[in-house]
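Shown next, in C-alpha cells, is the structure this report addresses.
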Amino acid sequence: MFIGSEVQNSGAFNVLSYNVAGLPGFINSNGVHGSKTTNTASIGSRFADYNFDVIQVQEDFAYHATLYDFDESHPYRTQTSGNIPFGSGLNTLSNFNFTDFQRIKWAHCYIGDGDCLTPKGFTYMRMTISDGVTADFYNLHGDAGDGAKDEAARRSNIQQLADFIDEHSAGQAVLVFGDTNTRYTRVNDNIRLLGTQSGLTDAWVELEHNGIAPAQGSAPLECATPAQSNSCEVVDKVLYRSGDNVKLAATSYRYVPDMFVSEAGTLLSDHNPLLVDFSWTL
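Quick note: the sequence shown, position 129, residue 161 per the working numbering, numbers continuous.
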C-alpha cells in the first residue's frame, strides 16, 4: 500500500480463532442447539458482517461448503482437505493474500478421543499483510484428552510445530492460532515450548495476565461457554512474535461469543471464539 510516494510503515489488523464444531451432527452434536447447517450458515454470515482480517477455523468438516457460501467478504481462502476421515478441519479465510500453503499431519496421535480418525495437524502459509510486509501464519488442532497417552501425543504435537517454525520461519514474524487443546495450568502440557524454543508470546498471557503465565499445577482457570471474562483460560490460543523486518504488538484480546449467537440466542459452537487486535511497524 502506498501513501503518495511513500511505502506504508505501520498498520493494524485483527485475527479470529474459532473452532466451528463442524463434525457431522450424528457423530457429535457438540452440545449445540439447533441445526448444524443453520448454525454454520450463521457463522459464515458473521464472518462476512464483521470482516475480520484473518480467520482460522478448526473442525471445519461436514458443513464447509455452507461456511464458505455464507461468507462473501474474504477473497483469500484455503481449499478444504475434506470431510472426516479425509480432512484436517483446518481452514483460513483472509483479507490478505498468502503463498506457500502447506498442510502438515501430526507425527503422533492417540485414538482415545478419536484424534487418529482424521489427519489432524497444522497448516502453514506466508501472508502479505501490506506491500512488502509478510508474516507466517500457522493454524492447528492439537491432540485432545487428559490421559497420559493423550498428553504424550499433544506434547509431541507442540514439539513438532516448534521444530517446523524453527526450520521454515527463521527471521519471520509468526502468528500461531487455533485449538491447541493445551492449558498452562496442566502439569503435563508443554505449551510454554512455543515461547522458550520459538520465541512466541501468548497474547492472553501478555494482555490478561501481565505477561506471567499461570503456574503449572495451579488451579484451573477454565472458561465457561460463553466466557464471562477475558482472564479465564481456553484451549484456543493466539501466539505471535516479531520478525527481522516487521515488529508486531498485540493491542487487545477478548472472547467474542456474543458475536456468534443464533436468532434464538443460543451459541453457534461449543468453543469461545477469540479475537486479537495487532499493530505492526517497520
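The beta carbon of each residue, even a glycine, is placed where N, CA and C say it ideally should be.
What would DSSP say about residue i, mapped onto helix, strand or coil?
| i | result |
| --- | --- |
| Gln3 | Not covered by the structure: residue 3. The range shown for the chain is 33 to 314. |
| Gly114 | coil |
| Glu183 | helix |
| His65 | coil |
| Ile197 | helix |
| Asp290 | helix |
| Asp178 | coil |
| Met33 | Legend: pLDDT at Met33 = 42, less than 50; position of this residue unreliable, value from coordinates given subsequently. Three-state result, Met33: coil. |
| Leu55 | coil |
| Val86 | strand |
| Phe93 | coil |
| Ala167 | strand |
| Glu265 | strand |
| His303 | coil |
Cα separation between residue i and residue j?
| i | j | result |
| --- | --- | --- |
| Ser301 | Ser42 | 35 Å |
| Ile75 | Asn262 | 21 Å |
| Pro258 | Phe169 | 27 Å |
| Trp312 | Gly54 | 33 Å |
| Ala245 | Gly114 | 36 Å |
| Val332 | Ser126 | Limits of the chain in this structure are 33 at one end and 314 at the other, which puts residue 332 out of reach. |
Run the CB neighbour count on residue i, radius 10 Å, all protein chains shown included, and call it buried at 16 or more, exposed below.
| i | result |
| --- | --- |
| Tyr287 | buried |
| Asn62 | buried |
| Ile88 | It should be noted that the sequence gives Gln, not Ile, for residue 88. Gln88 comes out buried. |
| Ile143 | exposed |
| Phe310 | buried |
| Gln134 | exposed |
| Val278 | buried |
| Asp175 | buried |
| Val219 | exposed |
Is any beta-carbon of chain C found at less than 9 Å from that of residue i?
| i | result |
| --- | --- |
| Arg78 | The chain inventory of the structure shown lacks chain C, comprising one protein chain alone. |
At what residues does the alpha helix (DSSP H) containing residue i begin and finish?
| i | result |
| --- | --- |
| Asp81 | 68-82 |
Provide the residue span of the beta strand (DSSP E) that contains residue i, from first to last.
| i | result |
| --- | --- |
| Leu307 | 306-313 |
| Ala281 | 279-287 |
| Phe45 | 42-51 |
| Val270 | 268-273 |
- In chain order, which alpha helix (DSSP H) runs of at least 4 residues are fully inside the stretch 202-260? 225-228, 235-240
- Which ranges does the alpha helix (DSSP H) cover as unbroken runs of at least 4 residues, wholly within the stretch 96-165, from first to last along the chain? 96-102
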